[in-house]
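Structure first, commentary second.
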Amino acid sequence: MDNAIKENCLKNELKIISYLRNDESKFIGEYFIDMDDEKSIYMPLYQLNLDKMIKKQTTYEVNLSLDNKLFILKGIVQGIGFLRSKNVLHRDLKPANIMLSKDLIPKLIDFGSGSLAYPSRQDIITARKIFFNLVFST
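The opening residue of the sequence shown carries number 102 in the working numbering; numbering runs sequentially from there.
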């Protein structure tokens with residue numbers, strides 16, 4: 102990836118992180134922005150990511166019960182729901198971008214490809230028409 106693309110991704114990630122900063126969700130990775138160097142982002146070291154766990158490429162012995170797997174899946178869905186409520190599109194959600202805390206809480210990371218999605222006036226009108234047709238149709 103060339104430097105211009107990397108810089109664009111970093112700017113995009115900073116924009117989304119800054120936007121989400123005041124509305125914390127336990128399912129979104131924690132980020133710390135260096136105020137002296139606004140191009141530096143730091144995050145805690147998580148135990149493992151979902152990709153390595155699935156491929157069993159981890160030094161940790163991970164044998165998950167069905168309840169653990171459902172807990173992780175529910176957390177991912179709640180994280181996506183939180184992003185949706187804030188009009189944020191991740192656009193690169195994959196197992197490698199889902200970290201797991203020591204308590205198996207999934208953390209969505211890497212918003213470099215993401216975007217803020219503001220519905221257009223036409224989208225809102227269309228959604229209202231669909232809603233009213235569903236509610237008031239006989």
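Glycine residues also receive a C-beta, built at the ideal position from the N, C-alpha and C atoms.
Do you know whose CA, among N109, K127, N104, lies nearest S214's CA?
Ranked by how close their Cα comes to the Cα of S214, the residues N109, K127, N104 have N109 in first place.
Hey, quick one: how far does the alpha helix (DSSP H) through L174 stretch, first residue to last?
Where L174 is concerned, the enclosing alpha helix (DSSP H) stretches over 167-186.
If contact is defined by three or more beta carbon pairs under 8 angstroms, each pair taking one atom from either stretch, is the segment 184-195 in contact with the segment 119-133?
Verdict: yes, contact present.
Have a look at K203 and I231 and give me their C-alpha separation to the nearest angstrom.
If I take the Cα positions, the gap works out to 43 angstroms.
Buried or exposed: F212, going by 16 or more other Cβ atoms within 10 Å of its Cβ?
Result: buried.
With DSSP collapsed to three states, give me the class of F232.
Looking at F232 - three-state DSSP - the assignment turns out to be helix.
Using a C-beta cutoff of 8 angstroms, does R229 count as contacting chain B?
This model lacks chain B altogether; it includes just one protein chain.
If contacts are defined as beta-carbon pairs under 8 angstroms, then L115 and I155 qualify, I think. What distance do you get, rounded to the angstrom?
Not quite, the Cβ-Cβ distance comes to about 29 angstroms (not below 8 angstroms), so this is no contact.
From the DSSP secondary-structure annotation, give me the bridge partner or partners of M200.
In the DSSP output, where bridge partners are listed per residue, M200 has N150, K208.
For the ligand FMN, I want to know if L209 counts as a neighbour, meaning its beta carbon is within less than 7 angstroms of at least one of the ligand's heavy atoms.
Although the ligand FMN was asked about, the structure shown includes no ligands whatsoever.
Just reading off the alpha helix (DSSP H) that S119 is part of, what are its end residues?
From DSSP, the alpha helix (DSSP H) with S119 extends over 104-121.
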